[in-house]
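Enquirer: If you're matching positions, the sequence shown starts at 5 in my numbering and goes up one per residue.
Glycine included, C-beta positions come from ideal geometry on N, C-alpha and C.
Owing to the predicted nature of the structure, the values given are computational and were not obtained by experimental measurement.
Here it is, the structure, as structure tokens.
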Amino acid sequence: MSVLVLHPRGHFSYEAAVAAQEAGLLHRYVTAVYRTGRTPVPGLWHLLPRGMRDHVDRELSRRWHPALDPYLVTTRPAPHLLYQFARRVLPLPRRARVELEWASIRAFGRGSACLVRGAPRPALVHAYEGGALEVLRAARRAGVGTVLDVPSRHEDFVRVVEEEAGRWGLPAPALPAGVQRRVDRERAGADVLLVPSQETREALMGAGVPPDRIVVLPFGADPDVFHPRAGGASGGFRAVYVGHVNLRKGVRYLLEAWSRLALPGGELLLVGNADAAGRALLAGRPDSCRLVPNVPHRELPGLLASADAFVFPSLAEGSPIAVYEAMAAGLPVVTTDGARAAVRHGVDGIVVPARNVEALADAVAFLHRNVEARLRMGREARRRIEEGFTWRHYRVRLVSIYRHLLEGGGTPVPLRWNLP
5 MSVLVLHPRG
15 HFSYEAAVAA
25 QEAGLLHRYV
35 TAVYRTGRTP
45 VPGLWHLLPR
55 GMRDHVDREL
65 SRRWHPALDP
75 YLVTTRPAPH
85 LLYQFARRVL
95 PLPRRARVEL
105 EWASIRAFGR
115 GSACLVRGAP
125 RPALVHAYEG
135 GALEVLRAAR
145 RAGVGTVLDV
155 PSRHEDFVRV
165 VEEEAGRWGL
175 PAPALPAGVQ
185 RRVDRERAGA
195 DVLLVPSQET
205 REALMGAGVP
215 PDRIVVLPFG
225 ADPDVFHPRA
235 GGASGGFRAV
245 YVGHVNLRKG
255 VRYLLEAWSR
265 LALPGGELLL
275 VGNADAAGRA
285 LLAGRPDSCR
295 LVPNVPHREL
305 PGLLASADAF
315 VFPSLAEGSP
325 IAVYEAMAAG
335 LPVVTTDGAR
345 AAVRHGVDGI
355 VVPARNVEAL
365 ADAVAFLHRN
375 VEARLRMGRE
385 ARRRIEEGFT
395 WRHYRVRLVS
405 IYRHLLEGGG
415 TPVPLRWNLP
């Protein structure tokens, strides 16, 4: 009995593949691009422009997990490379680029479906929302069990962005009309849906998904990679945000709160890339706020270790991994209800209402003034991760779900763990 894990982009799905591999259950891990040591698309590689090959090399440097056996990885790079080529070379309008990206995801799914139908056949498929429909359909026809990972609340994302765009007169990202229909079909076609938070579970239930098909499986962080800064408090005060700079992430409210505070010696780092709306938001940012774009994930531990607090005022989330990583780095977290991940209000961070500039400013000011409280919350945050929210915890919990389903257990899936 084995598990086929698929994700067109990678990200935290590497941890699912490693979990299955450690348990001796991994059939294959399938993704678009991965550093396997083999030449991607060997027949076409020499035909690609030098700039495209350099881009792929950079992608490969970060699409890799040290514990994942590359011989168990299958890559399907052609749709992704064609999309990247068109996006970079052709003068396409934004909507056309988005449509092309989704076309590449659909092509990845169609190409991967053959792994479900062929021999040897996996006993279970674990795929991810948005890129799963074709594989889920193939699995159902083949009588193979299915797990759909739903890392966030797609409907909330769309609603919040539309609200914010209308409120501030800024451009909203374009989405193909069929995306929500695709997501709905994926959810209806999977045996079990994994979600990272209770809030996401409730959102799915509100959308009509039966509760016995939903399992809450929190994400994690690696405390061996993310460390607190040695030596305690710094001389100044640096707050860090990590994520896309856009309407959904609440950056508009963070910038207003930061401007109001005008903290002496304060610095706000926005670590991430900005879309069109994000660039408009940044136009009037204060001098003490600095954008740090294009940061590889391997450089995040150092940036977080240089900070005194982590601020994440998102308006809609699933369970942001950046928050887990900041906690592992020993930082107190200021966040909102929908983005709190493992944060306990008043213990390892401060949870404020979304869109509330005054509450956001008060929370940051409190951490700025109260060094001892700041350090205590940071210690509690790291302990929280170490005791229940490492990637090791995630993998153990996921394997228990796999084994239950592989052994013929139905829904609901019994949870064999208690969250701290």
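#1: Could you tell me whether any Cβ in chain D is nearer than 8 Å to the Cβ of LEU128?
#2: Roughly how many whole angstroms lie between the Cα atoms of ARG289 and ALA281?
#3: Can you round the beta-carbon distance between PHE316 and GLY247 to whole angstroms, since I take them to be within the 8 Å contact cut?
#4: Can you grab the Cα-Cα spacing for the pair GLU133 / GLY342, in whole Å?
#5: According to DSSP, TYR349 sits in a beta bridge with which residue or residues?
#6: Is DSSP giving TYR132 helix, strand or coil here?
#7: Assign PRO324 to buried or exposed, taking buried as 16 or more other Cβ atoms, counted over all protein chains shown, within 10 Å of its Cβ.
#8: Where do the ends of the alpha helix (DSSP H) carrying PHE112 lie?
#9: Out of GLY382, ALA127, GLU105 and ARG186, state which residue places its alpha-carbon closest to the alpha-carbon of GLY413.
#10: Would you kindly work out how many angstroms separate the C-alpha atoms of ARG67 and PRO222, rounded to a whole number?
#11: Counting only the same chain and skipping the five closest in sequence on each side, list residues whose C-beta sits under 7 Å from that of GLY41.
#12: Please report how far the alpha carbon of ASP58 lies from the alpha carbon of SER65, in whole angstroms.
#13: Check HIS31 in the structure and name its three-state DSSP category.
#14: For the alpha helix (DSSP H) that GLU19 lies in, which residues bound it at each end?
#15: Please go through the same chain and pick out, in chain order, the residues whose beta-carbon is closer than 8 Å to the beta-carbon of LEU96, but skip the five residues on each side of it.
#16: Can you give me the C-alpha to C-alpha distance between VAL351 and PRO336, rounded to a whole angstrom?
#17: What does the Cβ neighbour count give for TRP395, buried or exposed, with the cut at 16 atoms within 10 Å?
#18: Give me the residue from VAL327, VAL244, ARG378 and GLU166 with the minimum Cα distance to PRO227.
#19: Given a cut-off of 8 Å, decide if ALA261 and VAL368 are closer than it, judged by their beta-carbon atoms.
#20: Taking the beta strand (DSSP E) that ASP153 falls in, what are its first and last residues?
#21: Nearest to ARG252 by CA position, among LEU364, ALA278, SER201 and ILE405, is which residue?
#22: Look at the Cβ atom of ALA319, then the Cβ atom of VAL93, and state whether they are nearer than 8 Å.
#23: List the endpoints of the continuous alpha helix (DSSP H) containing VAL327.
#24: Anyone know if the C-beta pair for HIS130 and ALA211 falls short of 8 Å?
#25: For VAL162, which three-state DSSP category applies?
#26: Compute the Euclidean distance between the alpha carbons of CYS293 and LEU286, then round it to the nearest angstrom.
#27: Evaluate ASP216 with the Cβ neighbour count: other Cβ atoms within 10 Å of its Cβ, from every protein chain shown; 16 or more gives buried, anything less gives exposed.
#28: Are the region 75-86 and the region 28-40 touching by the rule of at least three beta carbon pairs closer than 8 Å?
#29: LEU251 by DSSP, collapsed to three states: which one?
#30: Assuming VAL244 and LEU307 are in contact, meaning their beta carbons sit under 8 Å apart, how far apart are those beta carbons, in whole angstroms?
#31: Compare the Cα-Cα distances from GLU26 to each of VAL417, ILE405, LEU410 and ARG399 and report the closest residue.
#32: When we look at the beta-carbon of HIS301 and count the other beta-carbons within 10 Å, is it buried (16 or more) or exposed?
#33: Can you tell which of SER108, GLY334 and GLU203 has the C-alpha that lies nearest to the C-alpha of VAL37?
#34: CB ARG125 to CB VAL148, shorter than 8 Å?
#35: For ALA123, count the other beta carbons within 10 Å of its own beta carbon; 16 or more makes it buried, fewer makes it exposed. Which is it?
#36: Considering only the beta carbon of each residue, do LEU152 and ARG191 sit closer than 8 Å?
Expert: Reading from the atomic positions:
#1: Absent from the structure: chain D. Only one protein chain is present.
#2: 14 Å
#3: 7 Å
#4: 19 Å
#5: The sequence shown places His at residue 349, not Tyr. BP columns for HIS349 point to GLY353.
#6: strand
#7: buried
#8: 98-116
#9: ALA127
#10: 22 Å
#11: PRO74
#12: 11 Å
#13: strand
#14: 17-26
#15: ALA90 and LEU104
#16: 9 Å
#17: buried
#18: VAL327
#19: yes
#20: 149-153
#21: ALA278
#22: The identity of residue 319 in the sequence shown is Leu, whereas the question assumes Ala. Their beta carbons are not under 8 Å apart, which means LEU319 does not touch VAL93 by this criterion.
#23: 325-332
#24: no
#25: helix
#26: 9 Å
#27: exposed
#28: yes
#29: coil
#30: 6 Å
#31: ARG399
#32: exposed
#33: SER108
#34: yes
#35: exposed
#36: yes
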